[in-house]
Each structure stands twice: as C-alpha cells, then as structure tokens.
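Chains as they are written, first to last, in our numbering: chain A, 1 to 309; chain B, 310 to 626.
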C-alpha cells in the first residue's frame with residue numbers, strides 16, 4: 001500500500017510541476033508587452049520591467065515564479081488593480097464549492113436513483129425514460145441547458161430569480177444546470193453496474209436464502225454497484241469544474257468559474273495563470289485522494305500495478 | 310399398402326459428407342456483420358437521417374436565401390427597433406426565415422454556415438486526433454518496456470488535468486481562429502485514443518499470427534499497418550465517432566468563453582453565445598442555434614452508441 005501511495009504521489013506532484021511550467025511558458029509566449037502604449041516612456045518602461053523582474057533572463061524569472069508558487073503567491077491581478085490573485089480565489093472559492101457540492105449531491109441522488117430504477121425495470125418504459133434523460137444530459141451542451149433553463153423558468157415564467165447567488169431560491173436553477181450532465185453520467189453508469197450485480201451469484205444466494213426484497217436491494221445490490229462509481233468521481237469533478245465556468249457566468253454566481261471566464265475576456269493573464277494553477281492543484285489532489293480510496297476499497301487496483309487490461 | 314416391402318417404403322439415401330459440412334448461411338465478414346447489426350438499430354438509422362439532413366443543409370442552406378451570412382444591415386435594424394411592430398419583424402418572417410441578428414445579418418444563412426464550421430472542426434479534429442492517438446498507442450503497446458512506461462506516464466500526467474484547460478491556454482497563446490482551434494483540440498484530444506489502442510495492441514500482440522509475422526522478419530511498421538491496426542479498427546471507429554461530438558462541444562465551449570472562431574467566421578457555439586446575450590428580447594436568436602446543435606449532438610451521440618453496440622454486441626445490455 002505504501003508503495004502504491006508513493007507512486008501516485010510522485011505522479012501527482014509531477015503533474016502539478018508540468019502544469020505550472022506549461023502555464024508559465026505559455027503566458028510568456030503571448031505576443032505583446034504589458035507596458036506598451038504612449039503613456040510609457042522608455043525610462044518608465046525600463047523601471048516597470050525592473051520592478052516586475054521582466055528584465056531578468058527568462059530562466060531566472062521561471063525560478064522566481066516557481067519560488068513564489070511554493071509560498072502560495074500567485075501574483076497580482078491586472079484587471080482588479082492591486083488585488084492579489086490568491087485573495088480573489090479565497091473569496092470566490094466558497095461559492096463555487098457550495099454550488100459544486102449541491103450539484104454533486106443532487107446528481108448522486110437523482111442519477112443513482114434513476115440508474116437503479118432503470119436496471120430494476122430493464123427494457124420497460126422507466127428504463128427507456130432514464131436512457132432518454134441520460135442521452136439528453138450527455139449530448140446537449142451545458143450552456144444551452146443553462147441558458148434555456150434561465151429563459152424558461154426565470155424570464156418566461158418568473159418562478160426563480162434570473163441570476164445572482166444569495167438565497168436558496170437562487171441556487172436551484174444553477175444546481176440543476178450543473179447537475180444534469182452528471183445525473184446522466186451517473187445514471188448510465190449505475191444502470192450497467194446494477195445489471196451486472198443483479199446477475200451475480202451472491203445476489204442469487206441472498207435471494208435463495210429468502211431475504212426480503214428491499215434487504216437484497218439495499219444491502220446487496222445497491223451497495224455493491226456503488227463501488228465502481230468511485231472510479232468516475234475524478235472525471236466527474238473535472239466536468240463539474242468545467243461546467244461551473246458556464247453555469248456561474250450565465251447565472252452570475254460570483255465563483256471561480258465566473259472569474260475565470262471574465263479573466264479570459266479581460267485578458268487578465270495573472271488571474272488566468274493563478275486560476276489555472278489552482279484548478280490543476282485542486283483536481284490533482286482530488287484524483288490522488290480518490291485513487292488512494294479506491295486502492296483501499298478494491299485491493300485489485302493497487303496489487304495489479306500496471307493496468308494492462 | 311400391406312404388399313409393399315420395407316425396401317419399397319424406405320430408401321437409403323446415404324450421407325453426403327460434403328453437403329453435411331456446407332454452411333447454409335451466407336458467410337459474413339466482420340465488417341458486414343457489424344454493418345448488419347448497425348443497420349438493424351432503428352434509433353441509429355434515424356440519427357443517420359437527421360445527421361445527413363443537417364450536413365446537407367450546412368452545404369446548401371446558405372445558398373437557399375439571397376442574403377449573405379456576413380453582410381450587416383445596421384440601418385434597417387435601427388429603423389425597425391424604433392417601433393413595436395418593427396421589433397417583432399426582426400424575428401423569423403418570410404423574408405428572413407430565421408430572422409436577423411442585432412447587426413441585421415440573416416440568421417438562416419448564419420446558422421447553416423455556423424453548422425458547417427462546427428462540423429468541419431468536429432470531423433477534422435477527430436480525424437487528426439485519431440491518427441495521432443493510433444500512432445502513439447501502437448508504438449507504446451507494440452514496443453512495450455521503457456517506451457511504454459514513458460509514453461503512458463506522459464499520458465497519465467496530461468490526462469489528470471481536463472484537456473479543456475490546456476485547450477484554453479493554447480487558445481489564449483495562439484489567438485482565436487480556425488487553425489488555432491484545430492491545433493489546440495488535436496494537441497490535447499489524442500490521449501484516450503492512444504490509451505484505448507495501446508490496450509488493444511497489448512491483447513493482440515501475443516496472438517499466433519503476429520508471432521508468425523515476426524518470425525518471417527516482417528518489419529514492425531508493416532506488422533502494425535497490416536495486422537494490428539486493421540484488428541483494432543472496430544474500437545478506433547467507435548472512439549472516432551465519439552470524438553466528433555466532443556470536438557464540436559469543445560469548440561462551442563471555447564466560443565462561449567469568447568476564444569473560439571473569430572468574426573466573420575461563425576459557428577453554432579458562437580451563435581449561441583451571442584443568443585444568450587439577446588435572450589431576453591430576441592429568444593429566437595438563442596433557441597434556433599441551440600436546437601440545431603442539440604439535434605446534431607444527439608444524432609452524433611446516438612450513432613456513436615449504435616456503432617459501439619454493433620462492434621461489440623457483448624457490451625449491449
């Protein structure tokens with residue numbers, strides 16, 4: 001187990017290192033000078049370049065940047081003058097986290113529920129209904145879903161507020177929009193997983209022992225089909241994160257995704273850089289934790305070593 | 310009846326060993342078997358019809374109206390905006406079938422031109438991704454050892470960050486446009502294909518016919534091209550068909566972020582992101598392109614599902 005954890009840890013750290021390096025050189029590659037324009041005289045420009053360290057060789061700049069990252073300093077926003085990127089992240093993260101957790105919980109309950117119902121009613125109306133929901137959830141882009149939800153339930157029929165994120169009522173539409181693709185993913189996955197478990201020997205044993213139907217359902221079937229769901233939790237977090245860009249900016253939720261979209265539009269490179277690195281570290285950490293958890297619950301994962309199918 | 314002897318009642322016909330071994334059912338090659346399964350799937354067939362319709366419209370649609378997709382007519386829009394009836398006349402009417410956008414451009418032409426670019430990006434990106442993925446996967450799987458470890462670790466590292474984040478960074482560096490999008494999508498999209506092909510090659514490379522080819526001193530490249538890749542074709546095609554909607558989605562996502570195609574070019578994603586801004590007053594500008602992209606994505610997804618079931622019926626449940 002220790003060897004498995006160390007191996008995953010090294011890969012995770014390497015990933016973060018590669019991402020930080022790529023982001024640094026990518027931003028350096030962007031043509032243009034931050035201090036161009038008539039208001040900058042040569043003298044002022046030289047002074048500013050010296051102040052920000054842009055006059056140093058690129059390798060030295062890289063080491064300074066990596067050193068700052070280690071200390072948790074992500075630079076200062078260009079658009080929000082003087083505001084440190086780390087502060088923006090600190091103030092925006094709670095909203096994104098809140099929305100993400102709401103969407104994840106909704107998706108887990110609805111998605112798993114739909115998947116179980118579909119498997120129990122295989123090839124009947126309910127099954128087809130859940131497949132249709134799943135396919136729609138997977139194939140219709142989230143910004144279409146989000147904007148149509150907003151149009152129908154906030155503008156055409158003003159049941160919910162159009163935007164912002166202050167009360168429970170405000171959270172409903174963004175949560176549905178963000179959860180829908182994950183509901184689809186979970187229900188499809190759960191259905192396949194359930195069907196496998198239903199056919200397995202231990203369920204037949206439980207049935208022949210004369211256990212009650214709901215006992216078999218909850219303590220044998222659902223419990224065992226939930227396990228593989230852990231393996232798609234990593235990609236799910238990633239897709240929730242990408243979805244949050246869209247949903248937050250459509251519903252004006254003051255979260256990280258909204259800042260990210262805004263930073264692209266305002267070309268606030270230090271904010272883009274900071275947020276990208278934050279996202280990277282966040283996702284890698286989540287993936288690391290999930291990998292370890294999966295290794296704990298399913299020994300085959302860590303003993304198998306290389307996954308050569 | 311009674312006077313008939315046994316010999317007269319029964320005749321010994323003997324056994325024709327050749328006939329007994331004959332296979333009465335016509336033999337189907339793997340490809341034809343897959344095709345037969347695919348075409349017996351009604352949902353997939355309807356999706357093909359829908360997709361074909363969208364493709365045809367994306368080619369001929371813009372020519373069906375006399376309006377150009379990028380000619381603006383701000384003056385007439387401003388004039389119509391002045392009155393209540395004029396504002397309604399911006400929407401779909403007999404002149405402009407899908408209405409006009411806020412710059413007076415004909416939405417019918419724009420939607421189909423946008424569909425054309427979305428499709429172009431989808432297909433081109435998917436094909437290039439597949440080529441890169443198949444090459445990398447083949448090399449990694451066939452040579453194994455250190456080559457495999459290095460490539461697969463690199464794939465692991467790239468894969469643990471959503472590829473859209475890389476795409477966004479590349480797009481910011483390259484600036485928006487058709488070629489930058491294609492480059493950004495292909496640089497990042499080959500990972501899953503490489504992993505899939507590698508897995509398949511690992512399973513195939515110990516088969517007897519590969520051993521035979523190797524003993525005959527066949528070069529690795531021709532073993533790959535002649536034997537390995539044709540035997541992976543099933544999963545390659547399925548994965549390719551899934552990559553097309555993914556690429557279309559990614560482009561739409563980039564357009565939504567404002568770093569997709571740049572004007573005068575347009576795509577469905579870009580039309581939608583404009584539509585979202587005008588949603589309150591001119592909902593048709595959002596709903597029409599949304600409907601087209603949804604139909605397109607649905608049909609591509611269902612065709613992909615159909616192909617997957619046809620290639621590997623065991624997966625079907």
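The C-beta atom is built at its ideal place from N, Cα and C for all residues, glycine as well.
Under a three-way DSSP split, which group does residue i fall into?
{"i": "residue 322 (chain B)", "result": "coil"}
{"i": "residue 382 (chain B)", "result": "coil"}
{"i": "residue 101 (chain A)", "result": "helix"}
{"i": "residue 84 (chain A)", "result": "strand"}
{"i": "residue 415 (chain B)", "result": "strand"}
{"i": "residue 506 (chain B)", "result": "helix"}
{"i": "residue 585 (chain B)", "result": "helix"}
{"i": "residue 140 (chain A)", "result": "coil"}
{"i": "residue 76 (chain A)", "result": "strand"}
{"i": "residue 253 (chain A)", "result": "coil"}
{"i": "residue 162 (chain A)", "result": "coil"}
{"i": "residue 305 (chain A)", "result": "Note on residue 305 (chain A): pLDDT 48, under 50, position unreliable in the model; no value is reported."}
Where do the N-terminal and C-terminal ends of the alpha helix (DSSP H) with residue i fall, by residue?
{"i": "residue 268 (chain A)", "result": "Careful: residue 268 (chain A) lies outside any alpha helix (DSSP H) and carries neither H nor E."}
{"i": "residue 641 (chain B)", "result": "Only positions 310 to 626 of chain B appear in this structure, which leaves residue 641 (chain B) out of reach."}
{"i": "residue 468 (chain B)", "result": "454–468"}
{"i": "residue 242 (chain A)", "result": "233–250"}
{"i": "residue 62 (chain A)", "result": "58–70"}
{"i": "residue 599 (chain B)", "result": "593–620"}
{"i": "residue 187 (chain A)", "result": "168–198"}
{"i": "residue 547 (chain B)", "result": "538–566"}
{"i": "residue 289 (chain B)", "result": "Only positions 310 to 626 of chain B appear in this structure, which leaves residue 289 (chain B) out of reach."}
{"i": "residue 223 (chain A)", "result": "223–226"}
{"i": "residue 209 (chain A)", "result": "Careful: residue 209 (chain A) lies outside any alpha helix (DSSP H) and carries neither H nor E."}
{"i": "residue 523 (chain B)", "result": "517–524"}
{"i": "residue 372 (chain B)", "result": "Element bounds for residue 372 (chain B): n/a, residue is neither H nor E."}
{"i": "residue 333 (chain B)", "result": "Premise fails: residue 333 (chain B) is in no alpha helix (DSSP H) and is neither H nor E."}
{"i": "residue 531 (chain B)", "result": "529–532"}
{"i": "residue 498 (chain B)", "result": "487–498"}
{"i": "residue 17 (chain A)", "result": "2–29"}
{"i": "residue 340 (chain B)", "result": "339–348"}
Excluding five sequence neighbours on each side, which residues of the same chain lie with their C-beta closer than 8 Å to the C-beta of residue i?
{"i": "residue 76 (chain A)", "result": "82, 83, 84, 85 and 270"}
{"i": "residue 540 (chain B)", "result": "509 and 513"}
{"i": "residue 593 (chain B)", "result": "400, 401, 407, 408 and 416"}
Excluding the five sequence neighbours on either side, which residues of its own chain have a C-beta within less than 7 Å of the C-beta of residue i, listed in chain order?
{"i": "residue 194 (chain A)", "result": "115, 116, 119, 221 and 225"}
{"i": "residue 347 (chain B)", "result": "353, 615, 616 and 619"}
{"i": "residue 42 (chain A)", "result": "none"}
{"i": "residue 202 (chain A)", "result": "220"}
{"i": "residue 577 (chain B)", "result": "423, 424, 427, 561, 598, 601 and 602"}
{"i": "residue 626 (chain B)", "result": "With a pLDDT of only 45 at residue 626 (chain B), under 50, the local geometry of the prediction cannot be trusted, and the value read off the model is given with reservation. Around residue 626 (chain B): no qualifying Cβ."}
{"i": "residue 5 (chain A)", "result": "292"}
{"i": "residue 522 (chain B)", "result": "532 and 536"}
Taking residue i and residue j to be in contact with their CB atoms under 8 Å, please state how far apart those CB atoms are, rounded to whole angstroms.
{"i": "residue 490 (chain B)", "j": "residue 569 (chain B)", "result": "7 Å"}
{"i": "residue 505 (chain B)", "j": "residue 548 (chain B)", "result": "6 Å"}
{"i": "residue 310 (chain A)", "j": "residue 153 (chain A)", "result": "No information on residue 310 (chain A) is available, as it lies outside the stretch 1 to 309 that chain A covers here."}
{"i": "residue 74 (chain A)", "j": "residue 470 (chain B)", "result": "Going by Cβ atoms, the distance from residue 74 (chain A) to residue 470 (chain B) rounds to 17 Å, so no, they are not a contact pair."}
{"i": "residue 292 (chain A)", "j": "residue 233 (chain A)", "result": "About 12 Å; that fails the 8 Å criterion."}
{"i": "residue 450 (chain B)", "j": "residue 511 (chain B)", "result": "5 Å"}
Once you ignore the five residues that flank residue i on each side, which residues in its own chain have a CB closer than 6 Å to its CB?
{"i": "residue 573 (chain B)", "result": "379"}
{"i": "residue 149 (chain A)", "result": "173 and 177"}
{"i": "residue 79 (chain A)", "result": "266 and 268"}
{"i": "residue 441 (chain B)", "result": "499"}
{"i": "residue 182 (chain A)", "result": "107 and 236"}
{"i": "residue 184 (chain A)", "result": "134, 137 and 138"}
{"i": "residue 557 (chain B)", "result": "427 and 431"}
Are there three or more Cβ pairs, one per stretch, closer than 8 Å when the region 549–556 of chain B is compared with the region 517–526 of chain B? Between the region 549–556 of chain B and the region 517–526 of chain B there are fewer than three C-beta pairs closer than 8 Å, too few to call the two in contact.
Check whether the region 237–245 of chain A touches the region 88–104 of chain A, taking contact to mean three or more Cβ pairs, one atom from each stretch, closer than 8 Å. yes
Three Cβ pairs or more, each shorter than 8 Å: is that satisfied between the region 490–504 of chain B and the region 427–436 of chain B? Short answer: they touch.
Okay, do the region 127–144 of chain A and the region 605–619 of chain B touch, 3+ Cβ pairs below 8 Å being the bar? yes
Decide if the region 583–601 of chain B is in contact with the region 400–420 of chain B; the criterion is three or more beta carbon pairs, one per stretch, under 8 Å apart. yes
Could you check whether the region 54–66 of chain A touches the region 250–267 of chain A, counting it as contact only if at least three pairs of C-beta atoms, one from each stretch, sit closer than 8 Å? no
At a cut of 8 Å, does the region 181–196 of chain A reach the region 223–239 of chain A through at least three beta carbon pairs? yes
When the Cβ atoms of the region 376–391 of chain B are set against those of the region 577–596 of chain B, are three or more pairs found closer than 8 Å? no
Below 8 Å, how does it come out for the region 457–465 of chain B and the region 473–480 of chain B: are there three or more Cβ pairs, yes or no? Because the criterion of three Cβ pairs below 8 Å is not met, the region 457–465 of chain B and the region 473–480 of chain B do not touch.
Touching by the beta-carbon criterion (3+ pairs, under 8 Å), the region 438–458 of chain B and the region 407–414 of chain B: With a cut-off of 8 Å, the region 407–414 of chain B and the region 438–458 of chain B do not count as touching, because too few Cβ pairs lie within range.
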